[in-house]
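Under the working numbering, think of the first position of the sequence shown as 211, with each following residue one higher.
Cβ coordinates follow ideal geometry from the N, Cα and C atoms, glycine included.
What follows is a set of notes on a single structure, which appears directly below.
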Amino acid sequence: MERYETTIKQDYEREHAAMIRQAAPESMVLLEHDGTLPVKFMKKIALYGAGVRHPVKGGAGSGDVNVRHFLNVEEACEQAGLTVLTRKWLDRYDRVYRKRQAAFRTEKQAALKKAPHDLGVMLRLMPTPQDYDIPLDYPEEADLTVYVLTRNSGEANDRQNVAGDVQLTAEEVRDIITLSAQSRRFVLVLNVGGFVDLTPIQGYVHTILLASQLGMATGTALVDVLLGKSYPSGKLTMTWAPLENYPVKHFGEQDNTDYTEGINVGYRYFAAHPEEAAYQFGYGRSYTDFEINARVTDVAPAGITVEATVKNIGIYPGKEVIQAYVTKPETEYKMAAEDLVGFMKTPELAPGEVTIVTLFLPIERLAMYDSARAAKVLVNGPYVLAVGNSAAANPVARIYLDRMVVLEQLHPLSSAHQATVTDQTFEYDMRHDDIRLPKYYLRAEDFTTRTVEPPVAPEELPAAPQSFWEDVVVGNHTLDDFIAGLSADQLCQLAVGNYDDSPAGSGFVGNAATTVAGAAGQTTRQLRGSGVPSLVMADGPAGLRLSTVYTIDNKGNAQAVSPSFGGDHRHHSASRGKKYYQWTTALPIGTAVAQTWNPAIARQYGDIVGDEMTRLGVHLWLAPALNIQRSPLDGRNFEYYSEDPLLSGLIAAGITAGVQDHPGCGVTLKHFVANNQETNRMYSSSNMSERTLREIYLRGFEVAVKAGKPAAVMTAYNLVNGQHAAASSSLVTTVLRAEWGFDGMVMTDWFSTASDGQPHRYPAANAAACVAAGTNLIMPGTPNDYDSIAGALAGGTLTLARLQENARMILGTLLRLQVR
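Structure representation (structure tokens):
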């Protein structure tokens, strides 16, 4: 661990910022293109829109990162040598912006006085300014006119289908249409973390670039792309469609949100109704054009091999993403329109260059979950395989299976998880009638069935003399030897995160660790007498969110001088004493990382985080977040990767590998599972069929766990079919451990077990029930959590064997991460 005593920018900061700037264009999605871009010999530029001087680098809440100043769009243009012609307009807009900002601060302070502990109020974001009319004064000498539209969203608040959020404001529509008509070259840039309904400007704007929110590189990477120093090669990871066209009909209910759309999430519906979508899943244009010719080269019980020849037939270099989809046979089961089963991004192709991409599609990606059999099965009939560069792919083969195959015999989820929700069915053209496609055949007799054994209750270890942690570290004692010597009180303490009984305790998220200022939390320090160290954890999905300035008190504890979370100033020390500085790097938001469709880029971003974890003393990163983007209204969609679980899981596995390539660093997959709204998130139940739960919402975690082997998993705040996710043995023990083989630590999200004192249909989770279900660590830890666990042990509803197993997972993680 390093402590920096200077504000001088460090070499690692420069290196990491440069890495992001180079990779960020792979996240940008060119939605509309008429040849305007790139403008390589540009000298003068006209800039308009809130995002010019006030760009959003990433969303709010735990996903935010405290950074040094990063260049906004105007500054990046000037750094590139461009003359900005519209400072007068930008200055006038700044006055509008500051006036609205001042009014918003007053409104927020008043709200905080009424609800000082309400995270939704604390993290409430300023609405987009409206009711202004600033003369555009368009400069005719401009080589390019750019309007940067921006939106922000964040934790604890869902988005709204209103002007200034999902919808455009009247002022934005007016100015964008006017500028597009007046300008020789016009580009609309979207500095947004999710869907914005562009219907009012359709047909008026012919070049639209989804720049997304790219962390430190938000301004610089955009200018690189405008100038042609780099190029966009991203693809959408969520269908963009007007909200009324989405199959999701229930969202944001206080108590129960019913997922009646079933498996028909996003493109699984829109692929059969493309006219209802503005931009399809997987879609994204380029400065150049590509020709794709794909064919199946092998079909076997292990999987399908596809070979795609890709040629750059345009005049600029570029990269393409080859995507494979399958339409499953519809027997007695209703299927989605199609499912993504594989993808690969090409290397950069020069004009005229050709490459061959080979995709291997494991056969289990064609499976469905049969609730009646509690099994993953391949149904009999023809599967249609399509390959292309978006969800609108071209069929290339029909694959026949003679009869049903059970690939995995699993276990039905407990009765508490059996939803009463009936999945809505949709009629699709299943693309099975094209008899001209090449045909391939599989025989059921060539497959084998994997049977998952049910989880076994842990056995109590016989009492043993107390030993010291160092003996385990050096190999003189086994981990079980050490655990057998722990008292019941020590086992209860170990199950609860570090907390302080004092009124100014360290439990608040964002300043809850003793060695790293602004870290989110750490494991207990109550076992220091036995030599057990404490594991330090930090948020969030776009990089390490820490306090940038801190001091060291007379006990050797780090005390934050600057806030780290949501502007919170509680528990911060005075600025006396020697100051230390810890600057971290803001990555692109999760959605932008996934829009690369490139797990190798995700791994590079993970490498940045792992390096900074090592430097700053963080052991466990509370990321990545890979909940499904079920609806555009989810306030935390920007943190998440996609509406598709396979893409989500593989991107999460990539970033996991990048972090865990660094010895002593681990990741925490979150939020397990079905955390798809912020409204009443700790007390709302996500209700769905078991098939929907397994095929859509659990699937991404399954891919990431098996491919990435993360150190930890964090459970979600919400309930699933009436039971808290953290207190579900079906989810935590049966699915996660028995079925998927996860052997790391499971923790709750922060304050999952703390009641807000208000009446709710469902109460807060109970700490003892969570531990009994197999959740190992209650975070950030409170005295009430300890009392709950100790009381349950004394009352016989929680066994010593379970607490010992709990200790095995927590202490095993300390060993794995080499915590000292």
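Setting aside the 5 residues that flank it on each side, L623 is surrounded in the same chain by E900 and S940, each with a C-beta closer than 6 Å to its C-beta; the list follows chain order. DSSP places L437 inside the alpha helix (DSSP H), whose first and last residues are T430 to L437. Under a 10 Å Cβ-count criterion, T630 is classified as exposed, with fewer than 16 other Cβ atoms of the shown protein chains found around its own Cβ. In this structure, L754 lies away from S774, with their beta-carbon atoms at least 7 Å apart. For L857, the enclosing alpha helix (DSSP H) starts and ends at P855 to Q870.
A residue is called buried when at least 16 other Cβ atoms come within 10 angstroms of its Cβ; S852 meets this threshold and is buried. T519 and E558 have their C-alpha atoms spaced approximately 14 Å apart.
Among the bridge pairs identified by DSSP, E618 is matched with K586 and R660. Around M545, the same chain offers K538 as residues with beta carbons nearer than 6 Å, after the five sequence neighbours per side are excluded. Sixteen is the threshold: since fewer than 16 other Cβ atoms of the shown chains lie within 10 Å of the Cβ of T507, the residue is exposed. Ranked by Cα distance from I344, the first of R384, V828 and V356 is R384.
Taken in chain order, the unbroken stretches of beta strand (DSSP E) that lie wholly in the segment 375-413 and span 3 residues or more are 396-401.
When the Cα atoms are used, G494 and P605 turn out to be separated by approximately 20 Å. Nearest Cα to A979 within the set G1006, H970 and Q968: G1006. Here the C-alpha atom of E574 lies approximately 8 Å from the C-alpha atom of G513. Of all C-beta pairs linking the segment 251-266 to the segment 291-304, three or more are shorter than 8 Å, placing the two stretches in contact.
DSSP, reduced to helix, strand and coil, places M1019 within a helical segment of the structure shown. V819: member of the alpha helix (DSSP H) spanning P809 to L826, first to last residue.
Between the alpha carbons of A233 and L571 lies a distance of about 27 Å. Burial check for A325: the Cβ neighbour count within 10 Å stays below 16, so the residue is exposed. Spanning the alpha carbons of A1017 and E212 requires a straight line of approximately 30 Å.
Going by DSSP, H327 is part of no alpha helix (DSSP H) at all; its letter is neither H nor E. The three-state secondary structure of N367, taken from DSSP, is strand. Between A1002 and I988, the CB-CB gap reaches or exceeds 7 Å. Y996 counts as buried, since at least 16 other C-beta atoms from the protein chains shown sit within 10 angstroms of its C-beta.
Restricting attention to T515, V372, E563 and C875, the CA atom closest to the CA of E530 is found in E563.
Per DSSP, reduced to three states, the secondary structure at L1003 is helical. Taking the C-beta atoms as reference points, S272 is found no nearer than 7 Å to G984. Close CB contacts of A380 within its chain, under the 8 Å cut and outside five residues either way in sequence, are with Q340 and A373 (chain order). In this structure, DSSP gives S895 an extended state, which the three-state scheme calls strand. Take G787, set aside five residues on each side of it, and the residues of its chain with a beta-carbon closer than 6 Å to its own are T761, in chain order. With the rule of 3 Cβ pairs closer than 8 Å, the segment 392-407 counts as touching the segment 348-365.
Taking 7 Å as the cut-off, the beta carbon of Q887 is found closer than this to the beta carbon of G462. Comparing alpha-carbon positions, the option among P484, Y543, I609 and D274 lying closest to S600 turns out to be P484. The straight-line gap separating the alpha-carbon atoms of P798 and P442 is approximately 14 Å. Around the Cβ of F396, a 10 Å sphere holds 16 or more other Cβ atoms; the residue is buried.
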